[in-house]
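Colleague: Just remember that the working numbering sits 414 ahead of the position in the sequence shown, which is counted from 1.
For every residue, glycine included, the Cβ atom is placed at its ideal position computed from N, Cα and C.
Note that the structure is a prediction, hence the values are computed from the model and not measured.
Submitted below is the structure of interest, expressed as structure tokens.
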Amino acid sequence: MSRSAEPIAARFVVLFTCRPPGTAIPGRFRGPPHARGQWFTIDIHCHVRSGKATEMVEGNEAVSRWYLETQASPESREINRQNAIRTNLQSVSAEQRIADMDHMGIDIQAISPAPRQTYYGADADLGLAVSRQINDDIAEMCGRFPDRFIGLGTVPFQAPELAVAELDRLHRSLGFRGIEIMTHVAG
């Protein structure tokens, strides 16, 4: 049976990985880089960082500091600090991300905001502004490479009416498939 003749459910499999782009996965794929099997592989756990959104909250400690930086134990804060360094690769270009995807055998990434960039602690107007900036940056990447990226956005949960409006924009205007929701509004 040819790949196109298979039932669609038989052609799709989900790969869940928390590894940032550029991280080798030893032994994960047989053959040389770019080797593809019969399965279509979607990485559903990929984050992207918006430099513009970071600039928008720079200097506002109440907003720019992540909840876990202030409320976690010293040991957890150290682990989070190390993870922040490791996941700095979330800032790589779309082209580098695609090269890494090809090397790892990933067909599509569902990209969502970096967890530190939900900015639920911002006031309503700033929360909406940074959410829109992050979502626009993700939409730009998805628009340039629609066969490789699917967008997942963020909304300002601290302002429910604005969150609903941004969710509507994500769906109707940007074509996003969903949003990232943190465990609580404090991040």
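Which same chain residues, not among the five before or five after alanine 538, have their C-beta less than 7 Å away from its C-beta?
Modeller: Counting only Cβ-Cβ distances below 7 Å, and skipping sequence neighbours, we find Pro570, Gln572, Ala573 and Leu576.
Colleague: Run through DSSP, which three-state label would histidine 517 get?
Modeller: Looking at histidine 517 - three-state DSSP - the assignment turns out to be helix.
Colleague: Mind reading off the beta-carbon distance from serine 464 to aspartate 551? Whole number of angstroms is fine, and I expect it under 8 Å.
Modeller: 4 Å between Cβ atoms; contact.
Colleague: If we call anything under 8 Å between Cβ atoms a contact, is valine 477 one with glycine 535?
Modeller: Going by C-beta atoms, valine 477 is nearer than 8 Å to glycine 535.
Colleague: Under a Cβ-count criterion, where at least 16 other Cβ atoms within 10 Å of its own Cβ denotes burial, should serine 499 be classed as buried or exposed?
Modeller: Contrary to the premise, residue 499 reads as isoleucine rather than serine in this sequence. So isoleucine 499 ends up on the exposed side.
Colleague: State the DSSP-derived secondary structure class of histidine 461, mapped to helix, strand or coil.
Modeller: Note: histidine 461 maps to strand in three-state DSSP.
Colleague: For isoleucine 564, count the other beta carbons within 10 Å of its own beta carbon; 16 or more makes it buried, fewer makes it exposed. Which is it?
Modeller: With 16 or more other Cβ atoms within 10 Å, it is buried.
Colleague: On the DSSP letters alone, give me the boundaries of the alpha helix (DSSP H) that serine 545 sits inside.
Modeller: 538-558 is the span of the alpha helix (DSSP H), which, as asked, contains serine 545.
Colleague: Considering just the uninterrupted stretch of the alpha helix (DSSP H) at proline 570, what are its terminal residues?
Modeller: Per DSSP, proline 570 belongs to no alpha helix (DSSP H) and is neither H nor E.
Colleague: Whole angstroms is fine: what's the gap from valine 471's alpha carbon to serine 545's?
Modeller: The straight-line gap from Cα to Cα measures roughly 11 Å.
Colleague: Methionine 613 to arginine 562, Cα distance in whole Å?
Modeller: For the chain, the structure presents residues 415 to 601; residue 613 sits outside this window and is missing.
Colleague: Would you list the residues sitting across from proline 527 in a DSSP beta bridge?
Modeller: Answer by DSSP bridge pairing, in chain order: Val462.
Colleague: Is isoleucine 564 helix, strand or coil by DSSP?
Modeller: DSSP places isoleucine 564 in strand when its eight states are reduced to three.
Colleague: Taking the DSSP output, what are the residues bridged to glycine 592?
Modeller: Paired residues: Leu566.
Colleague: So if DSSP puts isoleucine 522 in a beta bridge, which residue, or which two residues, is it bridged to?
Modeller: Isoleucine 522 pairs with Ile456.
Colleague: Work out the CA separation of aspartate 521 and asparagine 497 for me, nearest whole Å.
Modeller: So the alpha carbons of these two residues sit roughly 25 Å apart.
Colleague: Using only the alpha-carbon positions, how far apart do glycine 436 and valine 506 sit?
Modeller: Model confidence at glycine 436 stands at a pLDDT of 48, short of 50, so the residue's coordinates are unreliable and nothing is read from them.
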